[in-house]
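Report on one structure; see the data block that follows.
There are 2 protein chains.
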Amino acid sequence: MPGCWERIAQAAGKNRSRLCIGLDVDPDRFPEILKREKDPVLAFNRRVVDSTLDLVCCYKPNIAFYESLGGPGLEALRKTILHIAGRVPVILDCKRGDIGSTARMYAQAAFEHFGADAVTVSPYLGFDSVEPFLEYEDRGVFLLCLTSNPGSADFQLVPESQPLYERVASAARRWDEGRGRLGLVVGATHPDKIGRLREIAGELPFLLPGIGAQGGSLEAVAAAEIARADRIGVVVNASRSVIYAGSGPDFENDVRKAAIEHRNRIEFPEAKQ
Amino acid sequence: MPGCWERIAQAAGKNRSRLCIGLDVDPDRFPEILKREKDPVLAFNRRVVDSTLDLVCCYKPNIAFYESLGGPGLEALRKTILHIAGRVPVILDCKRGDIGSTARMYAQAAFEHFGADAVTVSPYLGFDSVEPFLEYEDRGVFLLCLTSNPGSADFQLVPESQPLYERVASAARRWDEGRGRLGLVVGATHPDKIGRLREIAGELPFLLPGIGAQGGSLEAVAAAEIARADRIGVVVNASRSVIYAGSGPDFENDVRKAAIEHRNRIEFPEAKQ
């Protein structure tokens, strides 16, 4: 079985797309027609996925939205991943981070219970908190590096001489030696820092959130790319701007249109073909 | 209703205990007798809680252990918290951290769905990732500061001039101004750093893991205390060394003995009475 980054690159090449759709479900924003469904969350995700499967390189559900709905929400998440499984990879955005013995439990939950292809992990607790996720050879791990929110300035950008996010990037490159399954979360809201980050990080793939609702830039995407056909330099996530594009009974047509627009805006690099 | 830190101080005063028992369930380590139960996790927790309720100031389930068991595990967690509710406070150890709009979902899950009194939160994403948890006036938030694991050296202790964990402590004190509901997670494995941290952090309560299996020190506990009767300076967590103390059909007697030993080792400070 190819590694996770290769599976994402394959889906990207086939669909000529670096777009990742974030499945951040919010039942209050669901189209009216879904309110009759027994499991509206699963029904919504199935319709979004079925209408966009040929337009993306992966999907990224954020587990917080499912956790806030309790047990049925998490069960809908598991079934959503099962619905996508084997077609394109799924990144479970869970930002977990705990001491080694506990991180092992989180890895088991993400990879075995939910069946995710990749996860997002927080670096604050250091290597032993990341290692249990790296032990799964056919899965991927995106380490939070430079996030897209205002609070990224509080710790990630200090001190100026060697900011924390650069330390995280260089540690990640070191930790991934001989593995090829660690990547970085890098917010598209920091385009001026991405060239330097690419230098530090070598060929680690970047997951870029913040292109849609958060106002991130497309230059960031170009700066993050790498010149390899078998691996992907950058996966660009859009959530709300795609999944809530429609509200009528055929909302998936609007979702599909929004996905096409996003995919085209972040053109797939010709040189890689 | 008194704030969360006051509720913990009340339970501590009443039980003359700064002990927090970590409910980190692992069905493989459960006493044989529980294997017949329909819901072994809930049965185990109920027996541990019922035999130690007068010996602790709070309980701390780590959600990772429940997540790794899937839906039934998380439902057992919810019922465990419901079983304890209103008697002593429950800290949900979940180390969450995400951009503001997503952190709101995590806060909803922890405080509304699970009904926790307090949570642990990761600082990496900065203030907007912590704020949604602080908006619940009657709940508490322990921010990860200096953790007990080997990986704490990777980012928290650098650079030497003003290490990240000190920045986190001083930000936490600032963020808590006028609120009184933010605290810090400080590993007992770093006793030499706790005096200085107490200076930086003012009266923020410290949650100290790492006393049992991780080999932390009791000096750390003394250095973390504050001189107030209505608030608590330090809550000391022990998990495996208490909850797996017994394996026979009456395992709760051994659990109770271990809890008494731990409570007595971290003597409740007389001056506070």
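Chains as they are written, first to last, in our numbering: chain A, 16 to 288; chain B, 16 to 288. A virtual CB, placed ideally from N, CA and C, is assigned to each residue, including glycine.
- Contacts between A:LEU219 and chain B, judged by CB atoms closer than 8 Å, are missing: the closest CB pair is about 17 Å apart.
- Secondary structure remark: continuous alpha helix (DSSP H) runs of at least 4 residues inside the stretch 173–259 of chain A, in chain order: 179–190, 209–216, 234–239, 255–258.
- DSSP places A:ALA133 in the uninterrupted beta strand (DSSP E) bounded by 133–136.
- Sequence-distant Cβ neighbours of A:VAL63 in its own chain, meaning closer than 6 Å and more than five residues away, are ILE258, VAL270.
- Residues of the same chain with a CB within less than 7 Å of the CB of B:ASP69, apart from the 5 flanking positions on each side, are ASN30 in chain order.
- Classified as exposed, B:MET16 has fewer than 16 neighbouring CB atoms from the shown chains inside 10 Å of its CB.
- Selection B:ILE23, B:PRO284, B:PHE283, B:ARG189 evaluated against B:ASP132 yields B:ILE23 as nearest (Cα-Cα).
- Residues of the stretch 122–152 of chain A whose Cβ lies closer than 7 Å to any Cβ of chain B, in chain order: GLN123, ALA124, HIS128, SER137, PRO138, TYR139, LEU140, GLY141, PHE142, ASP143, SER144.
- Close partners of A:LYS110 in chain B (Cβ separation under 7 Å): GLY112, ASP113.
- Counted as a single uninterrupted DSSP element, the alpha helix (DSSP H) harbouring A:GLY115 occupies residues 115–122.
- Per DSSP, reduced to three states, the secondary structure at A:ILE36 is strand.
- Ranked by Cα distance from B:LYS110, the options A:ALA118, A:GLU267, A:PRO104 are led by A:ALA118.
- The stretch 97–106 of chain B makes contact with the stretch 65–80 of chain B: 3 or more CB pairs, one atom from each, lie closer than 8 Å.
- Taking 8 Å as the threshold, the shortest C-beta distance from A:THR117 to chain B falls below it.
- About 5 Å separates the Cβ atoms of B:SER137 and A:SER137, confirming a contact at the 8 Å cut-off.
- Beta-bridge pairing by DSSP links B:ILE106 to B:ALA133.
- Less than 8 Å separates the beta-carbon of A:PHE221 from that of A:LEU199.
- Neighbours of A:SER163 in chain B, taken as residues whose beta carbon is under 8 Å from its own, are ILE114 in chain order.
- Under the 8 Å criterion on CB atoms, A:ASN77 is classed as interfacial with respect to chain B.
- Contact between the stretch 53–60 of chain A and the stretch 85–103 of chain A is present, with at least three C-beta pairs closer than 8 Å.
- Distance from the Cα of A:SER163 is smallest, within the candidate group A:SER185, A:ILE226, A:GLU82, A:VAL173, for A:ILE226.
- If the five residues before and after A:VAL56 are omitted, its C-beta is found closer than 6 Å to the C-beta atoms of VAL40, ALA91, all from its own chain and listed in chain order.
- The Cβ of A:VAL71 sits no closer than 8 Å to any Cβ of chain B.
- Taking 8 Å as the CB threshold, B:ALA216 stays off the interface with chain A.
- Of A:SER144, A:PRO165, A:GLU218, the smallest CA-CA separation from A:GLU21 is found for A:GLU218.
- Counting only the Cα atoms, A:THR95 lies some 21 Å from A:VAL251.
- A:GLY261 is not bridged by DSSP to any residue.
- Close to A:GLU90, with beta-carbon spacing below 8 Å, are these residues of chain B in chain order: GLY86.
- Relative to B:PHE126, the option among B:ALA187, B:ARG280, B:LEU149, B:ALA238 whose CA is nearest is B:LEU149.
- Between the stretch 45–52 of chain A and the stretch 260–280 of chain A there are three or more inter-stretch CB-CB distances shorter than 8 Å, so the stretches are counted as touching.
- At a cut-off of 8 Å between beta carbons, B:PHE80 contacts chain A.
- The contact set of B:PRO174 on chain A, defined by CB atoms closer than 7 Å, consists of PRO174 in chain order.
- Taking a C-beta cut-off of 8 Å against chain B, none of the residues of the stretch 249–265 of chain A qualify.
- Boundaries for A:LYS53: no alpha helix (DSSP H) harbours it, and the DSSP string shows neither H nor E there.
- Under the DSSP assignment, B:PHE157 falls in the beta strand (DSSP E) whose first and last residues are 155–161.
- Annotation: A:ALA79 to A:GLY155 spans about 20 Å, alpha carbon to alpha carbon.
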